[in-house]
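Per numbering that gives the first Met the number 0, the sequence shown runs over residues 0 to 298.
Glycine residues also receive a C-beta, built at the ideal position from the N, C-alpha and C atoms.
Bear in mind the structure is a predicted one, so any value in this text is a computation, not a measurement.
Here's the structure, in structure tokens; my notes come after.
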Amino acid sequence: MIRTLRAAALAALSVVLVAWPARAATTPLAAPPAAARLSVELCPPQDPVVPGETGTLEVRVTNHGPAATGGATLVVVHFPSPGVVQSADPPVTLTYFGTGSSYQVPAGLAPGASSVERLALYVAPITSPFTTVSGDVQAFYPGDPDQSGHTTPYRLTTADTRAHFMVGASSAWEAGHPVPQPGDLTGKPGETVTLPLWVYNAGPSYSTHPVDLAITTPEHTTLTGTVPYDCTATGPRTLTCHLPSGPRYHDAVFVDPAVVIDPAAVAGQVLPGGTLDVVATQEDRPSPDWHTDYGVTVG
């Protein structure tokens with residue numbers, strides 16, 4: 000009797016063990032937790048960017064659901080050096096690294112919602128004109144099933160360089176640019192003096208095109224000695240100069256003609272009539288800064 004009961008129990012257990020795998024195969028597994036799915040869309044500058052100025056890159060990070068982001072999303076913007084991601088609108092904290100910058104989109108980006116930043120890409124003044132600058136943007140969120148970063152490339156082109164030229168007569172510098180300096184343009188009767196004439200580039204770009212100058216020395220002076228490089232004497236008091244390219248951004252080119260002061264000049268007399276003009280350039284529109292008058296004081 001005991002053997003009969005034991006046999007019946009074993010038979011019933013075997014039926015359960017045989018049936019369990021079939022039931023497990025037909026029972027659905029629990030669904031994974033809802034996750035945010037991101038995408039990155041870009042709108043790069045539509046017009047060429049002048050070296051030394053900025054172009055706007057619009058970055059749109061969209062959550063395609065089904066859940067809101069539960070943590071911050073890291074957005075990485077690659078922009079080749081020497082350019083830099085200068086600022087963002089709306090303002091966010093930018094973390095700079097060698098080839099770009101990054102920022103974070105806060106948690107709580109709802110399904111269907113987008114985070115939009117307008118980034119100012121500063122193209123360095125040294126950048127060559129008519130070139131293509133390439134980069135990409137990535138977005139990383141730990142809860143996104145796709146952990147590739149959603150890399151999205153972009154490109155912008157650079158425009159021709161642009162420089163603003165200023166001219167003057169001085170050997171002194173202050174706050175990064177030449178300034179008039181008392182005593183620079185003085186000399187005694189019959190003395191040879193050097194005139195420190197300059198052309199300054201206020202930017203925003205490096206100058207890459209030729210610049211032509213016209214120089215007249217003051218009355219009662221006469222050019223003497225070696226004519227400055229890239230210049231030609233066209234008269235006793237006049238020079239023309241053809242510079243193959245203008246000065247660099249925030250730098251100056253000096254032209255230093257030597258003149259002899261008339262021995263008949265009187266101490267204390269100011270010799271007027273000196274002029275310096277920019278007469279041709281492709282990078283800057285004519286302006287009052289293209290011309291300066293100067294004189295020499297007889298000591």
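LEU120 is the residue among LEU120, TYR95, PRO209, TYR228 whose C-alpha sits nearest the C-alpha of GLY82.
Taking all protein chains shown into account, HIS241 has fewer than 16 neighbouring C-beta atoms within 10 Å of its C-beta and is therefore exposed. Secondary structure note for SER286: it is in no beta strand (DSSP E), with a DSSP letter that is neither H nor E. Note on geometry: alpha-carbon atoms of LEU118 and ASP159 lie some 22 Å from one another.
As the crow flies, the alpha-carbon of GLN281 is around 52 Å from that of GLY70. In summary, ALA251 is buried, with 16 or more beta-carbon neighbours lying within 10 Å of its beta-carbon over all protein chains present. At least 7 Å separates the beta-carbon of GLY267 from that of GLY294. Under the three-state reduction of DSSP, PHE164 is assigned to strand. The residues ASN62, ALA67, in chain order, have a CB closer than 7 Å to that of ALA109 in the same chain once the five nearest residues on each side in sequence are set aside. In this chain, the beta strand (DSSP E) harbouring SER38 covers 35–42. A direct Cα-to-Cα measurement between VAL91 and ASP229 gives close to 50 Å. Between the stretch 189–205 and the stretch 49–61, the count of Cβ pairs shorter than 8 Å is three or higher; the stretches touch. When rounded, the separation of the alpha-carbon atoms in PRO235 and THR131 is 49 Å.
Residues THR185, GLY186, LYS187, PRO188, ILE260, ALA264, VAL265, ALA266, GLY267, GLN268, VAL269, LEU270 of the same chain have their beta carbon placed closer than 8 Å to that of VAL297, with the five preceding and five following residues left out of the count. Excluding five sequence positions before and after SER86, the CB atoms of its chain that fall closer than 8 Å to its own CB belong to LEU93, LEU118, ALA119, given in chain order. Relative to GLY142, the option among ASP292, THR237, PRO65 whose CA is nearest is PRO65. Taking all protein chains shown into account, SER100 has 16 or more neighbouring C-beta atoms within 10 Å of its C-beta and is therefore buried. Scanning the stretch 36–123 for uninterrupted beta strand (DSSP E) segments of 3 residues or longer gives 53–65, 72–77, 83–88, 94–96, 99–104, 113–121, listed from N- to C-terminal end.
Within the same chain, and ignoring the five residues on either side of MET165 in sequence, the residues whose Cβ sits closer than 7 Å to its Cβ are TYR199, ALA201, ASP288. Per DSSP, ALA263 is not a residue of any beta strand (DSSP E), being assigned neither H nor E.
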